[in-house]
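First the structure, in the form of structure tokens, and then the observations on it.
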Amino acid sequence: MLMLKYPALFVRFCLLVCAGLLANLAWAANPIATSNAFDALLSLPQTQPVEGEWNHVAPEGFKDEDEATLIRWLAKQKQAGADFNQIRHQGTMLHHAIRGGLNATALWLLSHGADPLKTLENGEQDQPDALDLSITYRRWPVTDALLKLPGITAPDRAPQLMLAWQAAQGENELTVVDQLFARRLPLPTGAAAERLLGFSLEHQWLKVSLALLKNGVTHAASSAYGWDSANKMGTASDIESADARLAEPILPYLLAHASSVRDVEWSATTRKPSSRCGLNSKRLCRS
Numbered sequence: 073m074l075m076l077k078y079p080a081l082f083v084r085f086c087l088l089v090c091a092g093l094l095a096n097l098a099w100a101a102n103p104i105a106t107s108n109a110f111d112a113l114l115s116l117p118q119t120q121p122v123e124g125e126w127n128h129v130a131p132e133g134f135k136d137e138d139e140a141t142l143i144r145w146l147a148k149q150k151q152a153g154a155d156f157n158q159i160r161h162q163g164t165m166l167h168h169a170i171r172g173g174l175n176a177t178a179l180w181l182l183s184h185g186a187d188p189l190k191t192l193e194n195g196e197q198d199q200p201d202a203l204d205l206s207i208t209y210r211r212w213p214v215t216d217a218l219l220k221l222p223g224i225t226a227p228d229r230a231p232q233l234m235l236a237w238q239a240a241q242g243e244n245e246l247t248v249v250d251q252l253f254a255r256r257l258p259l260p261t262g263a264a265a266e267r268l269l270g271f272s273l274e275h276q277w278l279k280v281s282l283a284l285l286k287n288g289v290t291h292a293a294s295s296a297y298g299w300d301s302a303n304k305m306g307t308a309s310d311i312e313s314a315d316a317r318l319a320e321p322i323l324p325y326l327l328a329h330a331s332s333v334r335d336v337e338w339s340a341t342t343r344k345p346s347s348r349c350g351l352n353s354k355r356l357c358r359s
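Residues are numbered in the numbering used here as their position in the sequence shown, beginning at 1, plus a constant of 72.
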């Protein structure tokens, strides 16, 4: 009846349906386009592993000129149906772009369908994701973009938040910790928070330890120093007396035994090495 009474309307409706079907077909996952996208990205020298190489040959038509050229190529493959969330060599295209320092490419991928929540390898929660990698490799433009996305800092992502804080370790780690606080990266909760407390005590990250303790985390795994964190610290006079007789500052010992906010606050006042006092000085240096 619609066709008989309104032939023009019926034809228009059919054209819209066909257009929709064609669009869905165009955006369906295309394995060839996906391979072309990965081959282009993983053929670049920036994305090669530390040892060896991926052995991905640049696809026909792709010329490694600059990052803008790569993005144009990826846009073409996306239009052809490339799936950017496939995994090659234990990572998605986003993961490889972050690791390779291709910040512009990573940001483009984030705005064109790359899943920021997907983790490495099999997608398990205890594996690093894009946020962790951006901090590990100090890709701050990507970190800032990720922190603005919904779901990145959700409470149910506590394992990833723990890994993100742990990713600060390495060169200039205390400066990186300060940057994470400035960026308002949330601290994890639950078991992940306890694991991070043990990690921060071992690495003498006083600021992180204190923040976790103030959040109510009171237990941490045994530290790398071999002391059980469940033990109590002793009196202030005992600590000062022991510290005065030690060549090395007692701070690591105190942090390894900290089990409350008071404990960590006291640790912060104990002698630490600085330009104002040598390790062998018997005078307490206040931080």
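Even for Gly, the Cβ is constructed at its ideal location relative to N, Cα and C. Predicted model, so just to flag it, every value in this text is computed and none were measured.
Within the stretch 113 to 186, the complete alpha helix (DSSP H) segments at least 4 residues long are 139 to 151, 165 to 171 and 175 to 182, listed from N- to C-terminus. Counting every other CB atom within 10 Å of its CB across the protein chains shown gives Glu132 a total below 16, marking it as exposed. If you look at Arg267, you'll find it in the alpha helix (DSSP H) that goes Gly262 to Glu274.
Secondary structure of Thr290 (DSSP, three-state): coil. In the three-state reduction of the DSSP assignment, Thr247 falls in the helix class, which pools H, G and I. Residue environment analysis places Thr141 among the exposed positions, since fewer than 16 neighbouring C-beta atoms fall within 10 angstroms of its C-beta. Between Leu189 and Lys135, the alpha-carbon positions lie close to 31 Å from each other. One alpha carbon belongs to Leu205, the other to His167, and they sit about 7 Å apart.
Its Cα nearest to that of Glu125, the residue Asp111 stands out among Asp138, Glu137 and Asp111. Closest by C-alpha distance to Phe156, out of Gly223, Leu219 and Ser107, is Ser107. Under a 10 Å Cβ-count criterion, His291 is classified as exposed, with fewer than 16 other Cβ atoms of the shown protein chains found around its own Cβ. If you check the CB distance, Ala147 and Asn102 do not come in under 7 Å.
Rounded to whole angstroms, Gln120 and Leu114 show a C-alpha spacing of 7 Å. DSSP lists Thr191 as the bridge partner or partners of Asp201. Ala226 and Ala217 have their C-alpha atoms some 16 Å from each other. If you look at Gln241, you'll find it isn't in any alpha helix (DSSP H); DSSP assigns it neither H nor E.
Excluding five sequence positions before and after Asp198, the CB atoms of its chain that fall closer than 6 Å to its own CB belong to Pro231, given in chain order.
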